[in-house]
Every structure is written in C-alpha cells, then in structure tokens.
Amino acid sequence: MKCNDRVFGLLMLVLAVAYGWGATQFPEPFGGGEAIGPETFPILLAVVLALSSLYLIVKPDPGSKWPPARTGLELLIAVVVLIAYVLLLQPLGFIITTTLAVGTLCWRMGAAPMRAYATGLIAGIVVYFLFTIGLDLSLPLGVLSVLEGS
Numbered sequence: 001m002k003c004n005d006r007v008f009g010l011l012m013l014v015l016a017v018a019y020g021w022g023a024t025q026f027p028e029p030f031g032g033g034e035a036i037g038p039e040t041f042p043i044l045l046a047v048v049l050a051l052s053s054l055y056l057i058v059k060p061d062p063g064s065k066w067p068p069a070r071t072g073l074e075l076l077i078a079v080v081v082l083i084a085y086v087l088l089l090q091p092l093g094f095i096i097t098t099t100l101a102v103g104t105l106c107w108r109m110g111a112a113p114m115r116a117y118a119t120g121l122i123a124g125i126v127v128y129f130l131f132t133i134g135l136d137l138s139l140p141l142g143v144l145s146v147l148e149g150s
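With the UniProt record's numbering as the guide, the letters of the sequence shown map in order to residues 1 to 150.
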C-alpha cells in the first residue's frame, strides 16, 4: 500500500520545511555572522529530511503497512519526548535536557533505566563540550549555570 509512505513523506516534508524555516530565525550571533553559525546544523538536517521525504513521496515501498499500535505508541512517545526537549532546553539547560531525552528514548528501546540515563548523561556532557570547546558554539547551561565561574 503505497499511500502510507506517501502520507508519511508528505508529513515529513512539511516538518522539514518548518524546521528549516525555524533554523533561519535564530538571532545573529554576537560579533556578526559566521560561516558556520547556530543555524548550520539544523538547516543541514532539514535538507536531508526534505530529500528523504521527497524520495518517499516519489518512490514509496510497495509493501509498506501502518505500524502496529504498540509501535505507533512508541513513536508518539518519541515525538512527545522531542517536544518536551525543545520546551525544556532553555530553562533546564542542554546537559540535563539531553540526559532526560536520551535516557527516556534509550529506556523505551529496552535499555535498563540506570544504563539508559547514564548513557543520556554521558551523551549530554560529551556533546556539550564538543560544541562549546570544539566548535566554540554556546549551548544553554540552564540550572547548571550556577556552576559557571564569574
């Protein structure tokens, strides 16, 4: 049933356009525009998602079916986690929000809760330092900003 892939592709294309547009709305960084700014990675993701969506619309899988209810529920939980991630990123900060999001998604995929959230914490810390030190891009610290030196 080709309609399933086409509907999904169309929904993902709408998401890609909205995500790409949202990425262009970031304020210009202090000190002027840069070749690689905070919008670069989200725009790259939006382009990849748009191209993948167009492929699904043009050439759907002939044997695709709607996922079972359990899979649909897991997908819904993942979407809720990602929406919560966006809403909590500024107030809680990158490390805590990433710990909660990655931990919850790992747990939903079958990892033991302690391992899932340990993975989330390690991922949050590593990615935070890669972005802040390696790429010199700032990520919000949120409630952990009290640990920041003056």
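Idealized CB from N, CA, C, for every residue including glycine.
Computed from a prediction, not measured in an experiment: that's the story for all the values here.
Give the DSSP-derived three-state secondary structure of glutamine 90 in the structure shown. helix
Within this structure, are the beta carbons of leucine 137 and phenylalanine 131 separated by less than 7 Å? yes
Indicate the three-state DSSP secondary structure (helix, strand or coil) for isoleucine 96 in the structure shown. helix
Compare the beta carbon distance of isoleucine 125 and isoleucine 95 with 7 Å and say whether it is the shorter of the two. yes
Are at least three pairs of beta-carbons, each pair with one atom in the stretch 91-106 and one in the stretch 35-48, less than 8 Å apart? no
Terminal residues of the continuous alpha helix (DSSP H) containing valine 127? 113-129
Is serine 145 buried or exposed, if buried means 16 or more other CB atoms sit within 10 Å of its CB? exposed
In chain order, what residues of the same chain have a beta carbon less than 6 Å from the beta carbon of phenylalanine 26, not counting five sequence neighbours either side? Pro38, Glu39
To the nearest angstrom, how far is the alpha carbon of aspartate 61 from that of valine 7? 12 Å
CB contact flag (glycine 120, glycine 103, <7 Å): yes
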